[in-house]
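Colleague:
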Amino acid sequence: MVISKAPVVSTREIHENIFLLEARCPVVASQIKPGQFCNIKITEFSSPLLRRPFSVCDVNGNSIYFMFNIFGEGTKLLSRKREGDTVNILAPLGNGFTIEGDYEHAIIVAGGLGAAPFPFLTKKLDGKKISTFIGGRTANDVITYGMENIQTATEDGSLGFKGNVVQLLKNNLPEIKKHKTRIFSCGPNPMLRALKEFCIENEIECQASTECAMACGFGICQGCPIETAEKDKYLLVCKDGPVFDVRDVII
Amino acid sequence: MVISKAPVVSTREIHENIFLLEARCPVVASQIKPGQFCNIKITEFSSPLLRRPFSVCDVNGNSIYFMFNIFGEGTKLLSRKREGDTVNILAPLGNGFTIEGDYEHAIIVAGGLGAAPFPFLTKKLDGKKISTFIGGRTANDVITYGMENIQTATEDGSLGFKGNVVQLLKNNLPEIKKHKTRIFSCGPNPMLRALKEFCIENEIECQASTECAMACGFGICQGCPIETAEKDKYLLVCKDGPVFDVRDVII
Amino acid sequence: MSVDLSVNIGNLKLQNPVILASGTVGYGNEISNFTDLSKIGAIVTKSISLKPRKGNPPQRIVETPSGMLNAIGLANVGLEVFINEKIPFLREVNSTVICNIAASTIEEYVECTKALNDHDTIKAFEINVSCPNVKEGGLTFGNDTNAVGRITEKVRAATGKPVIIKRTPNVATISESAKVVKQEGGDAVSAINTLVGTAFNIRTRKPKIFNVTGGLSGPAIKPVALAKVLEISRNVEIPIIGIGGIVDWSDAVEFMIAGSTAFQIGTINFINPNAGLEIIEGLEKYCEETSISKLSELTASYQI
Amino acid sequence: MSVDLSVNIGNLKLQNPVILASGTVGYGNEISNFTDLSKIGAIVTKSISLKPRKGNPPQRIVETPSGMLNAIGLANVGLEVFINEKIPFLREVNSTVICNIAASTIEEYVECTKALNDHDTIKAFEINVSCPNVKEGGLTFGNDTNAVGRITEKVRAATGKPVIIKRTPNVATISESAKVVKQEGGDAVSAINTLVGTAFNIRTRKPKIFNVTGGLSGPAIKPVALAKVLEISRNVEIPIIGIGGIVDWSDAVEFMIAGSTAFQIGTINFINPNAGLEIIEGLEKYCEETSISKLSELTASYQI
Ligand SMILES: Cc1cc2nc3c(=O)[nH]c(=O)nc-3n(C[C@H](O)[C@H](O)[C@H](O)COP(=O)(O)OP(=O)(O)OC[C@H]3O[C@@H](n4cnc5c(N)ncnc54)[C@H](O)[C@@H]3O)c2cc1C
Ligand SMILES: Cc1cc2nc3c(=O)[nH]c(=O)nc-3n(C[C@H](O)[C@H](O)[C@H](O)COP(=O)(O)OP(=O)(O)OC[C@H]3O[C@@H](n4cnc5c(N)ncnc54)[C@H](O)[C@@H]3O)c2cc1C
Ligand SMILES: Cc1cc2nc3c(=O)[nH]c(=O)nc-3n(C[C@H](O)[C@H](O)[C@H](O)COP(=O)(O)O)c2cc1C
Ligand SMILES: Cc1cc2nc3c(=O)[nH]c(=O)nc-3n(C[C@H](O)[C@H](O)[C@H](O)COP(=O)(O)O)c2cc1C
Ligand code: FES
Ligand code: FES
Numbered sequence: 000m001v002i003s004k005a006p007v008v009s010t011r012e013i014h015e016n017i018f019l020l021e022a023r024c025p026v027v028a029s030q031i032k033p034g035q036f037c038n039i040k041i042t043e044f045s046s047p048l049l050r051r052p053f054s055v056c057d058v059n060g061n062s063i064y065f066m067f068n069i070f071g072e073g074t075k076l077l078s079r080k081r082e083g084d085t086v087n088i089l090a091p092l093g094n095g096f097t098i099e100g101d102y103e104h105a106i107i108v109a110g111g112l113g114a115a116p117f118p119f120l121t122k123k124l125d126g127k128k129i130s131t132f133i134g135g136r137t138a139n140d141v142i143t144y145g146m147e148n149i150q151t152a153t154e155d156g157s158l159g160f161k162g163n164v165v166q167l168l169k170n171n172l173p174e175i176k177k178h179k180t181r182i183f184s185c186g187p188n189p190m191l192r193a194l195k196e197f198c199i200e201n202e203i204e205c206q207a208s209t210e211c212a213m214a215c216g217f218g219i220c221q222g223c224p225i226e227t228a229e230k231d232k233y234l235l236v237c238k239d240g241p242v243f244d245v246r247d248v249i250i
Numbered sequence: 000m001v002i003s004k005a006p007v008v009s010t011r012e013i014h015e016n017i018f019l020l021e022a023r024c025p026v027v028a029s030q031i032k033p034g035q036f037c038n039i040k041i042t043e044f045s046s047p048l049l050r051r052p053f054s055v056c057d058v059n060g061n062s063i064y065f066m067f068n069i070f071g072e073g074t075k076l077l078s079r080k081r082e083g084d085t086v087n088i089l090a091p092l093g094n095g096f097t098i099e100g101d102y103e104h105a106i107i108v109a110g111g112l113g114a115a116p117f118p119f120l121t122k123k124l125d126g127k128k129i130s131t132f133i134g135g136r137t138a139n140d141v142i143t144y145g146m147e148n149i150q151t152a153t154e155d156g157s158l159g160f161k162g163n164v165v166q167l168l169k170n171n172l173p174e175i176k177k178h179k180t181r182i183f184s185c186g187p188n189p190m191l192r193a194l195k196e197f198c199i200e201n202e203i204e205c206q207a208s209t210e211c212a213m214a215c216g217f218g219i220c221q222g223c224p225i226e227t228a229e230k231d232k233y234l235l236v237c238k239d240g241p242v243f244d245v246r247d248v249i250i
Numbered sequence: 000m001s002v003d004l005s006v007n008i009g010n011l012k013l014q015n016p017v018i019l020a021s022g023t024v025g026y027g028n029e030i031s032n033f034t035d036l037s038k039i040g041a042i043v044t045k046s047i048s049l050k051p052r053k054g055n056p057p058q059r060i061v062e063t064p065s066g067m068l069n070a071i072g073l074a075n076v077g078l079e080v081f082i083n084e085k086i087p088f089l090r091e092v093n094s095t096v097i098c099n100i101a102a103s104t105i106e107e108y109v110e111c112t113k114a115l116n117d118h119d120t121i122k123a124f125e126i127n128v129s130c131p132n133v134k135e136g137g138l139t140f141g142n143d144t145n146a147v148g149r150i151t152e153k154v155r156a157a158t159g160k161p162v163i164i165k166r167t168p169n170v171a172t173i174s175e176s177a178k179v180v181k182q183e184g185g186d187a188v189s190a191i192n193t194l195v196g197t198a199f200n201i202r203t204r205k206p207k208i209f210n211v212t213g214g215l216s217g218p219a220i221k222p223v224a225l226a227k228v229l230e231i232s233r234n235v236e237i238p239i240i241g242i243g244g245i246v247d248w249s250d251a252v253e254f255m256i257a258g259s260t261a262f263q264i265g266t267i268n269f270i271n272p273n274a275g276l277e278i279i280e281g282l283e284k285y286c287e288e289t290s291i292s293k294l295s296e297l298t299a300s301y302q303i
Numbered sequence: 000m001s002v003d004l005s006v007n008i009g010n011l012k013l014q015n016p017v018i019l020a021s022g023t024v025g026y027g028n029e030i031s032n033f034t035d036l037s038k039i040g041a042i043v044t045k046s047i048s049l050k051p052r053k054g055n056p057p058q059r060i061v062e063t064p065s066g067m068l069n070a071i072g073l074a075n076v077g078l079e080v081f082i083n084e085k086i087p088f089l090r091e092v093n094s095t096v097i098c099n100i101a102a103s104t105i106e107e108y109v110e111c112t113k114a115l116n117d118h119d120t121i122k123a124f125e126i127n128v129s130c131p132n133v134k135e136g137g138l139t140f141g142n143d144t145n146a147v148g149r150i151t152e153k154v155r156a157a158t159g160k161p162v163i164i165k166r167t168p169n170v171a172t173i174s175e176s177a178k179v180v181k182q183e184g185g186d187a188v189s190a191i192n193t194l195v196g197t198a199f200n201i202r203t204r205k206p207k208i209f210n211v212t213g214g215l216s217g218p219a220i221k222p223v224a225l226a227k228v229l230e231i232s233r234n235v236e237i238p239i240i241g242i243g244g245i246v247d248w249s250d251a252v253e254f255m256i257a258g259s260t261a262f263q264i265g266t267i268n269f270i271n272p273n274a275g276l277e278i279i280e281g282l283e284k285y286c287e288e289t290s291i292s293k294l295s296e297l298t299a300s301y302q303i
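Residue numbers (numbering that gives the first Met the number 0), protein chains in the order written: chain E, 0 to 250; chain H, 0 to 250; chain U, 0 to 303; chain F, 0 to 303.
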């Protein structure tokens, strides 16, 4: 884990209200794994006070990429970063996706900005059969940047399958059943809950990247508990996650 | 008085650690007088919380100019403003210099960044004989931007007269006595105090621009009192000043 | 949809819950350059005392992270000038005026109230028992629940207009004194005034503020103010005027949800003197979006 | 010039006054990835209780202007795991350990102190009588000056190591309880813990924090904390450990000027886990520039 003041190379709006920020950060670029995240201090001043957690969206040489939308003050300021500015990165944090293991078919399931970690994962899944299912409320929420072999679902039917992405997945069950499959997922909690149920029912391995408000991002504040099967203990999203086997946590 | 979101045209470093920011603000440009000031909200967020007061350094068509150094967070952020950014200006504030009246010789006395309001004043003094006395600790503190007929004083003697600017003025007393003179001044309090004494002794009219911590800048917070000859009352720097006849206030 | 923004505090009906806080708008003159005072729910005038007060020497204010400290020292024009010069302006611009009174003795509170009671322009009194910046005055009263009770009782007896007691947050349980205010016939409590704070110059080792300590206001104190409002709301049935760190309509909504009938904005007036009207617009829009026909339904609508 | 940064709290000598605050560094493991714990004045471990505590459900934290609210609920591993798994690590990295204890009864405070007293690694105890986030626990104690006295007395009797009492700021006069701590043999007071605050979601109307209220920390509270330190310093002769909103060396200098013998940094550890060492460097430079040979001279050097 390092703290690094990384020069911003560029910030581009790659989709309506979706930004891709490239920062030069060799030490993090060389260490980070898909599904791990960075905790970013956006200004050098005491406001916004806390770092903001972002998944690494992609890595290319010495550069790391973040994909985000303008949500509040922090992401607004981030979207304005230009060459000559810096971002202060604390990383790599958390446990990423487990790529290793005995499976043939990697299925990515993303909802909205849950797409963020998957361009990098897609690269690293090299050699596996990959299918990507992306959902959103409308066509505009569907972010396909950097992904492969994509099927889309929108709630209003404006793009692809009309319905949610887990329903779309269900429709593909016969095809999925043909291979030993592992699902990698990230998105809103209702999606993850539905997905968890689907995967447990059909005995499909599934890893989900979860979110939670965080203060530190590395285990010292106890601010990010997640309920587990064990009653008398929480796990920490930042340290024990953010990626969990869906069977281990209550989403 | 207006509140105006003014687009920044440019920010240039015109001297070591001295910046000149140009903003397009027609309504303020057309109303403001030398010695009046603007209260600037530097970001759209709640930090830094308060506006920052700045004299108008110059006006050119629809543009107004501010001259400042990097002092704290506010001026640091201001120095980074580029084309495409905005500053939120509340202006015109306070009473400026009184230019009208019966005098032939206008003398400007400035210490350090006290030079800020004088490029604009110099322009408006059109027709009068102007002499400018500028002081600083070292050559590097002497800002002559936009001024005319300049004599300089530095405490370490690195530029011009060795000593303070009021001593330099004293040396010029015989020359000054030749005309009906009005002094316009701005600078650190010790300079203003010495100048006040000099002017009262020699019966020279003198207006000084004073400074004080401010919250509102337009008279509602009572945060900026200045002691006067009258014992039981303060004046307000923002509303009754910032320019005062030196005889009226205790500096 | 047209939204009813009006709220009631005792028998005082306000067209909307936005009130400009005492000490942050003077007597209305200067801020009326930026905002239409007739459209604001009410304005609370700078704390007035029997005699004029010069206030503290500079430095009176200092910025802090997301806040500011002030020790103005209740500088004010005094009762006479207030009546002769300030009330006429406020009447002219058609603003709903709540008069804030600060005093060093119970008698002085009563005397001020009586002297002002006949002025129609003044619609209610806010009794400042909480100013942290005057030695003999507010804070001692504010910390003493019995004294708060006695002041409420006596001022109540002196006027038929609504009496609002403004409370200090510098106590452990603010709801106790709210109870006393209710018992003694007060119509509402204003919470909170500023928190006691200080700052030092690390070169001179002197306090940055002449008065040594000052009152902390602004966004920094919002969470504390909200908790105080909630505490009163859960423990006492009395209208609450929430104050502390409000800068926009969403902050205002939070205060209403937490239990405020109306709310005051202070420090933000220095930064955006039209904030009051912008908040009114924002509230109207929020109500439309969330299908609220009467804004006052929001008060104490917390889901706990 | 070599500057003597060391300070004394009772018979506890620290190499420098920088202490990492309880609850903001866990038990040291994670933060040691970023900073050298052997160089920090001391580390206060997360409040420990007799039995492990699960803590509050999420959401436990929320950011506020220049601050944050937390309601962790004293989640901790409990005395046994602390002794068996956490102390050995702290010994190994050679850090000066102050053990913070939270309890619901006086007996539990005493029992914890006794159980930990034999462990050499623990150099002092900080008794948390002020946590605002546990129902049966701290806050009630913290508000009751008598209870603070009894706890101090009993814990004092249970150990020969320095006893530091950590005070709640949610009271009107913090100096009164500091007096009691001194009378009952406490070696120092830590001031302040967090301020009670809350925040609401304006769509769901629910508190943003599961526990309804949380504790406000960070730069927002710095002026309040400084005023409390100053109040104690001017009224009671007892070493003060200043806490609240410190982010850099200049904040630390302010706290020392205002009366702190040492100080703790909390929230900043989440943002810059190496802040402690950077503050030490900054203090050293400040002393050199201002010709201070012994940093402890700064304590209570205010010019008022
Ligand atoms: C492990 C992880 C990875 C993430 N990756 C991405 C990503 O790649 N792209 C992206 O756009 N967003 C991502 N997020 C969410 C992102 O952190 C927030 O959108 C961001 O903090 C918003 O900051 P803001 O200042 O714009 O919003 P504001 O609303 O002004 O402030 C956000 C504040 O809310 C808190 N908060 C409350 N709930 C949550 C929550 N569920 N998640 C995060 N913060 C919360 C934060 O701690 C922060 O203090 C991720 C979050 C986590 C936990
Ligand atoms: C009428 C007037 C005109 C000014 N004109 C200029 C100018 O043209 N160019 C220029 O460089 N500076 C000028 N100043 C000073 C300028 O306002 C400060 O340098 C600026 O506020 C620093 O902001 P900061 O955030 O960088 O510094 P910080 O130190 O981080 O914050 C400044 C804070 O300190 C307060 N403060 C304390 N003492 C003073 C004081 N004596 N003057 C101002 N603020 C104080 C401010 O209110 C503000 O809240 C002027 C001040 C006044 C009152
Ligand atoms: C500069 C200043 C002066 C104030 N003067 C008074 C006053 O005279 N009487 C009073 O009751 N409150 C006074 N207050 C307190 C405010 O009315 C309000 O309670 C407080 O500022 C918190 O609200 P805010 O965070 O919105 O500013 C003053 C506040 C400030 C900032
Ligand atoms: C997330 C969090 C957890 C905390 N847990 C404890 C605790 O267990 N025991 C305790 O005495 N103080 C606890 N505190 C209070 C801090 O030790 C400190 O007193 C407070 O945060 C103020 O300092 P700061 O502004 O530097 O953070 C906690 C603070 C935070 C932010
Ligand atoms: S965010 Fe601090 S422990 Fe997880
Ligand atoms: S700055 Fe507010 S009255 Fe002068």
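Even glycine gets a Cβ: it sits at the ideal position worked out from N, Cα and C.
Predicted model, so just to flag it, every value in this text is computed and none were measured.
What residues sit near ligand 5, counting only those whose C-beta is closer than 7 Å to one of its heavy atoms, in chain order?
Modeller: Ordered along the chain, the selected set is E/MET213, E/ALA214, E/CYS215, E/GLY216, E/PHE217, E/GLY218, E/ILE219, E/CYS220, E/GLN221, E/GLY222, E/CYS223, E/LEU235, E/VAL236, E/CYS237, E/LYS238 and F/PHE269.
Colleague: For the beta strand (DSSP E) holding H/ASN94, just list the boundary residues, first then last.
Modeller: The count along the second sequence starts at 1 and reaches residue 94 of chain H at position 95. Taken as a continuous stretch (DSSP letters only), H/ASN94 belongs to no beta strand (DSSP E), as it is neither H nor E.
Colleague: What is the DSSP secondary structure of H/GLU21, counted as helix, strand or coil?
Modeller: Numbered from its first residue, the second sequence carries residue 21 of chain H at position 22. Here H/GLU21 sits in strand by DSSP.
Colleague: Is there at least one non-hydrogen atom of ligand 2 closer than 7 Å to the beta-carbon of U/LEU215?
Modeller: Numbered from 1 along the third sequence, position 216 holds the residue referred to as residue 215 of chain U. Checking the Cβ of U/LEU215 against ligand 2 gives no.
Colleague: Is the closest heavy atom of ligand 2 to the C-beta of H/SER54 under 7 Å?
Modeller: For the purposes of this step, residue 54 of chain H is identified with residue 55 of the second sequence, where counting begins at 1. Answer for H/SER54: yes, Cβ within range of ligand 2.
Colleague: Measuring only from the beta carbon, is E/GLY95 closer than 7 Å to any heavy atom that is part of ligand 7?
Modeller: Of the ligands one can find in the structure shown, namely ligand 1, ligand 2, ligand 3, ligand 4, ligand 5 and ligand 6, none is ligand 7.
Colleague: Is any heavy atom in ligand 3 found nearer than 7 Å to the beta carbon of U/LYS53?
Modeller: Reading the third sequence from its first residue, position 54 is the one you call residue 53 of chain U. No, the beta carbon of U/LYS53 sits no closer than 7 Å to any heavy atom of ligand 3.
Colleague: Leaving out five residues on either side along the sequence, give the residues of the same chain with a beta carbon under 6 Å from the beta carbon of F/MET314.
Modeller: Residue numbering for chain F in the displayed model covers 0 to 303; residue 314 of chain F lies beyond these limits and cannot be assessed.
Colleague: Would you check if the region 181-191 of chain H and the region 204-217 of chain H touch, i.e. whether three or more CB-CB distances between them fall below 8 Å?
Modeller: yes
Colleague: Which term fits F/SER1, buried or exposed, when burial requires 16 or more other beta carbons within 10 angstroms of its beta carbon?
Modeller: What you label residue 1 of chain F is simply residue 2 of the fourth sequence in a count that begins at 1. It is exposed - the Cβ of F/SER1 has fewer than 16 other Cβ atoms within 10 Å.
Colleague: Using a Cβ cut-off of 9 Å, which residues of the region 197-227 of chain H contact any Cβ in chain B, in chain order?
Modeller: In the displayed structure, chain B is absent; the protein chains listed are E, H, U and F.
Colleague: Of all the residues that make up the region 249-272 of chain U, which are near chain F by a beta-carbon distance shorter than 8 Å?
Modeller: SER249, VAL252, GLU253, ILE256 and ALA257
Colleague: Report the neighbours of H/GLU72 on chain E: residues whose CB is nearer than 7 Å to its CB, in chain order.
Modeller: Locating residue 72 of chain H in the second sequence gives position 73, counting from the first residue. Per Cβ cutoff of 7 Å: PHE44.
Colleague: Indicate whether the contact test is met: 3 or more Cβ pairs, each with one atom in the region 9-19 of chain H and one in the region 68-84 of chain H, closer than 8 Å.
Modeller: yes
Colleague: Kindly indicate which residue of F/PRO16, F/LYS207, F/ILE8 and F/SER21 has the alpha-carbon position closest to the one of F/THR266.
Modeller: Numbered from 1 along the fourth sequence, position 267 holds the residue referred to as residue 266 of chain F. Taking only the C-alpha atoms, the option nearest F/THR266 is F/SER21.
Colleague: DSSP on H/ASP247, reduced to helix/strand/coil?
Modeller: To locate residue 247 of chain H, count along the second sequence from 1; it is residue 248. Three-state DSSP puts H/ASP247 in a helix.
Colleague: With hydrogens ignored, establish whether the beta-carbon of H/PHE44 is closer than 7 Å to any heavy atom of ligand 1.
Modeller: Walking along the second sequence from the start, residue 44 of chain H turns up at place 45. No, Cβ of H/PHE44 sits at least 7 Å from all heavy atoms of ligand 1.
Colleague: Would you mind working out which of E/LEU76, E/HIS178 and E/PRO224 sits nearest E/GLU202, comparing C-alpha positions?
Modeller: In the first sequence, counting from the first residue as 1, residue 202 of chain E sits at position 203. Checking every option, the nearest Cα to that of E/GLU202 belongs to E/HIS178.
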